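Residue numbers (my numbering): 1 to 291. Report on the following structure.
Here's what the structure looks like:
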């Protein structure tokens, strides 16, 4: 029993038009549904990977994790119920909106709203919103999420109950503690947690298939005056070449290329790092070197 991949993300937003312009023009996503109350966005052959809901609030609303099958969903439910977690079945209307066959809701120890699902609608064409190659998804899922939390060990234990494995730990000087990176498929990590004073999403990573795609996204961010929150750089653990910038949702988006995969899962050795990047990624989480 294990979660297979990050399948979709739901976001609450006051301004859907701003998200539409940003997601297509900066990131290269394709608009699928565009109504007064919902904007859905495609990244690959799945019906949608992002659902942006009109709301008085701003920020992440839920995270959809693919468990692979009905049988696996039932197994996950039993594990979580036995551990004392409260589960709520998703209704048919919401399942149709997400284009999945079935899902259940549960909160992790940091209060993140999760939707564990199976049967995501697949086999559709992707037409990017701006010139680019493609997003790296498939068996690796849509990317990764990284969050700050006051409940670090509880969060790690919760995701381990779902079948996640620890890939590595990296010391982060600004928080004086270790970030912990966990995988559920060959992507080096699909979720990461960093100790902090509050529970909040830090960023979503989207991997693209060429360095040029990173560069053109970076150039568009600069052209629009969007804040770059971490400069171009390369991470130590997953080897991703990337940069971070502020999204309309109050969290960062990391656009990257060249992420490593862990193909020999059984023989992987957990590593400890004293930094998060070989070079670059200068910002609040990695201050630039002193002159």
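Yeah, the Cβ is synthetic: ideal placement off N, Cα and C, and Gly gets one too. It should be emphasised that the depicted structure is a prediction, and the values quoted were computed from it without experimental measurement.
Taking a contact as a CB-CB distance under 8 Å, the pair residue 144 and residue 6 counts as one, their CB atoms being some 7 Å apart. When C-beta atoms of the stretch 178-187 are compared with those of the stretch 148-168, three or more pairs fall below 8 Å, so the two segments count as touching.
In this chain, the beta strand (DSSP E) harbouring residue 229 covers 228-235.
Counted as a single uninterrupted DSSP element, the alpha helix (DSSP H) harbouring residue 158 occupies residues 152-161. For residue 219, the enclosing alpha helix (DSSP H) starts and ends at 211-224. In the three-state scheme derived from DSSP, where H, G and I count as helix and E and B as strand, residue 139 is classed as helix.
DSSP places residue 242 in no alpha helix (DSSP H) but in the uninterrupted beta strand (DSSP E) bounded by 241-246. For residue 187, the closest of 163, 261 and 246 by C-alpha to C-alpha distance is 261. In the three-state reduction of the DSSP assignment, residue 24 falls in the helix class, which pools H, G and I. For residue 57, no beta strand (DSSP E) segment is defined, and its DSSP state is neither H nor E. Only buried fits residue 129, as 16 or more other CB atoms lie within 10 angstroms of its CB. When secondary structure is reduced to three states using DSSP, residue 86 falls in the coil class, being assigned neither helix nor strand. One thing to note: residue 118 has its Cβ within 8 Å of the Cβ of residue 73. Under the DSSP assignment, residue 108 falls outside any beta strand (DSSP E); it carries neither an H nor an E label.
Here residue 94 carries a helix assignment [DSSP, helix/strand/coil]. By the 16-neighbour rule on beta-carbons within 10 angstroms, residue 96 is exposed. For the pair residue 251 and residue 202, the CB atoms are nearer than the 8 Å cut-off.
Proximity of the stretch 192-202 to the stretch 145-157 meets the contact definition, three or more beta-carbon pairs being nearer than 8 Å. Distance between residue 109 and residue 198, taken at the CA atoms: about 12 Å.
At least 8 Å separates the beta-carbon of residue 53 from that of residue 33. Beta-bridge pairing by DSSP links residue 287 to no other residue.
For residue 149, the enclosing beta strand (DSSP E) begins and ends at 144-149.
Collapsing the DSSP output to three states places residue 78 in a helix.
DSSP lists no bridge partner for residue 73. For residue 43, no beta strand (DSSP E) run applies, since DSSP gives it neither H nor E.
Nearest Cα to residue 71 within the set 272, 87 and 102: 102. Under the three-state reduction of DSSP, residue 174 is assigned to helix.
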